[in-house]
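Participant: Provided herewith is a single structure, encoded as structure tokens, for subsequent inquiry.
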Amino acid sequence: MSADFAILSESTLHDRYLRVESRLVRYPDGREVAFDIVGHPKNEHHFVVVFVYFTARRSAVLLREFAQAALPQRGSLANLPTGGFDPRKHASRAEAARAELSEEAQLRGGEWVCLLPPDHPGVLEAKWCRNRFTPFLCIDPEPDPAHGALDAEEHLTAQEVPLQAVLSAMHGGDMLLPAVHTCSCALAWLRQHRRVVDSPLAPPGGCEGGRGRGFTVRRLSRASDASLYGRCLGLRASLLWPRESPPPSAADYDTADGEATFFAAVRCTGQGGEEEAELLGTAMLHDGRLRQVVAVPAARGQGVGAALVSAAAEAARAEGRDELSVGAWATSETFYSRCGFEPDSEPYESNGMSCRRLRLRLAQAGA
1 MSADFAILSE
11 STLHDRYLRV
21 ESRLVRYPDG
31 REVAFDIVGH
41 PKNEHHFVVV
51 FVYFTARRSA
61 VLLREFAQAA
71 LPQRGSLANL
81 PTGGFDPRKH
91 ASRAEAARAE
101 LSEEAQLRGG
111 EWVCLLPPDH
121 PGVLEAKWCR
131 NRFTPFLCID
141 PEPDPAHGAL
151 DAEEHLTAQE
161 VPLQAVLSAM
171 HGGDMLLPAV
181 HTCSCALAWL
191 RQHRRVVDSP
201 LAPPGGCEGG
211 RGRGFTVRRL
221 SRASDASLYG
231 RCLGLRASLL
241 WPRESPPPSA
251 ADYDTADGEA
261 TFFAAVRCTG
271 QGGEEEAELL
281 GTAMLHDGRL
291 RQVVAVPAAR
301 GQGVGAALVS
311 AAAEAARAEG
321 RDELSVGAWA
331 TSETFYSRCG
341 FEPDSEPYES
351 NGMSCRRLRL
361 RLAQAGA
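With the UniProt record's numbering, the residue at position 77 of the sequence shown is 77, and numbering never jumps.
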């Protein structure tokens with residue numbers, strides 16, 4: 001196909017970190033059109049992206065990284081360990097990927113998979129950009145005590161998150177596109193090779209019908225999700241209220257419910273809309289507080305609670321908050337600890353239950 005188009009001339013317009021070139025192209029019909037082409041020649045116009053997966057915890061590593069072109073709307077976006085292939089330092093693209101994993105995620109080793117065929121030139125970053133990238137999957141790496149240093153201009157944090165958080169970032173418009181592509185390829189490889197079992201690998205708002213025990217987390221709208229919202233209130237009342245003494249009245253929560261964001265973990269059982277969705281759990285977010293995270297008994301141990309916490313954390317981060325708090329029962333502290341929460345108070349009693357306030361530090365957008 002490229003033989004039908006001819007490059008007539010190229011000249012450099014700007015050359016600093018990126019090079020901008022004027023390229024004159026002749027089309028098959030004889031037209032001649034000039035384009036601006038952007039690229040990074042120091043890295044031979046190639047970079048690598050790494051998806052990290054931990055088998056036992058069914059989790060991944062996400063970065064929150066400053067993205068200079070995202071200003072003024074955003075300061076940081078979700079990303080994966082990413083960096084340029086520098087022939088002065090790297091013997092191969094795989095070596096470049098290992099270096100980026102060490103520098104940006106402070107990890108090393110693991111099982112490595114290149115997610116492109118051996119002879120593939122790399123995925124084009126954009127049609128007007130020379131840069132191409134190679135996506136990699138790294139399974140079960142270990143901490144790197146001698147990790148590399150970040151580049152001087154980089155500002156990022158790395159966090160291990162449930163797979164649902166990856167899906168939320170991918171489909172919520174909060175992730176850089178090379179990372180989105182790499183996540184998609186890596187998750188497809190993990191499914192194909194049966195390395196992911198019973199994980200919520202379905203996009204928000206959709207269902208993974210008939211695929212194991214797959215589920216998804218929905219952020220509810222009271223107007224369009226009225227039936228499911230009502231079912232969440234019923235589930236909350238049936239599972240939580242009987243354990244509190246005295247149980248709260250509905251009036252105690254009317255104001256908070258009206259201002260809160262509700263999340264529902266659902267599994268589709270048919271094609272009939274939300275009435276056909278099996279409700280597995282629910283949670284609410286109100287003024288930076290995570291409240292009333294519950295899962296039906298039959299769904300416990302399937303990652304439902306962790307996925308709800310992850311969705312609420314992403315929503316809190318999108319609101320510009322740098323932490324998420326929860327008033328946890330003593331019996332739930334271990335669960336929240338696994339989700340990354342830390343104690344933020346001494347134990348106290350509430351409605352006959354021993355509780356403690358916990359908090360989860362979030363990577364703040366723009367930090």
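We treat Cβ as the ideally placed atom computed from N, Cα and C, and that holds for glycine.
(1) According to DSSP, what are the bridge partners of R321?
(2) For E32, list the residues DSSP reports as bridge partners.
(3) So, is S238 buried or exposed, given that buried needs 16 or more other C-beta atoms within 10 angstroms?
(4) Below 8 Å on the Cβ atoms is my guess for V217 versus A311; work out the distance and round it to an integer in Å.
(5) CA-CA distance, P200 and L137?
(6) Less than 6 Å between C-beta atoms, sequence neighbours within five positions excluded: which residues of the same chain meet that for P135?
(7) So, is Q68 buried or exposed, given that buried needs 16 or more other C-beta atoms within 10 angstroms?
(8) Does DSSP classify N351 as helix, strand or coil?
(9) Under the assumption that A316 contacts L358 (Cβ atoms under 8 Å), give the Cβ distance between them as a whole number of angstroms.
(10) By DSSP's criteria, M175 is part of a beta bridge. Which residues make up the other side?
(11) Give every residue of the same chain whose Cβ lies closer than 6 Å to the Cβ of R289, excluding the five residues on either side of it in the sequence, and list them in chain order.
(12) Please list, in chain order, all residues of the same chain as A251 whose beta carbon is under 6 Å from its beta carbon, the five residues on each side excluded.
(13) Suppose you measure from the CA of N351 to the CA of E104; what does that come to, to the nearest Å?
(14) Output the distance between the C-alpha atoms of P72 and L177, rounded to the nearest integer angstrom.
(15) Going by C-alpha distance, which of G234, N43, E142, A264 is nearest A96?
(16) In chain order, which beta strand (DSSP E) runs of at least 3 residues are fully inside the segment 69–133?
(17) If contacts are defined as beta-carbon pairs under 8 Å, then N79 and M170 qualify, I think. What distance do you get, rounded to the angstrom?
(18) What first and last residue would you give for the beta strand (DSSP E) that runs through L285?
(19) If you run the structure through DSSP and keep just helix, strand and coil, what is H45?
Facilitator: Looking at the atomic coordinates:
(1) Per DSSP, none; premise fails for R321.
(2) R26
(3) exposed
(4) 4 Å
(5) Because the pLDDT at P200 is just 45, under 50, the model does not fix this residue reliably, and the value given afterwards should be weighed accordingly. So the alpha carbons of these two residues sit roughly 19 Å apart.
(6) V49, L115, T182, C185
(7) exposed
(8) coil
(9) Incorrect: roughly 14 Å between the Cβ atoms, too far for contact.
(10) A78
(11) S325
(12) Residue placement at A251 is flagged as unreliable, the pLDDT there being 45, under the threshold of 50; a coordinate-derived value is accordingly withheld.
(13) 45 Å
(14) 19 Å
(15) N43
(16) 76–79, 82–84, 111–114
(17) Wrong, their Cβ atoms sit about 11 Å apart, outside the cutoff.
(18) 277–286
(19) coil
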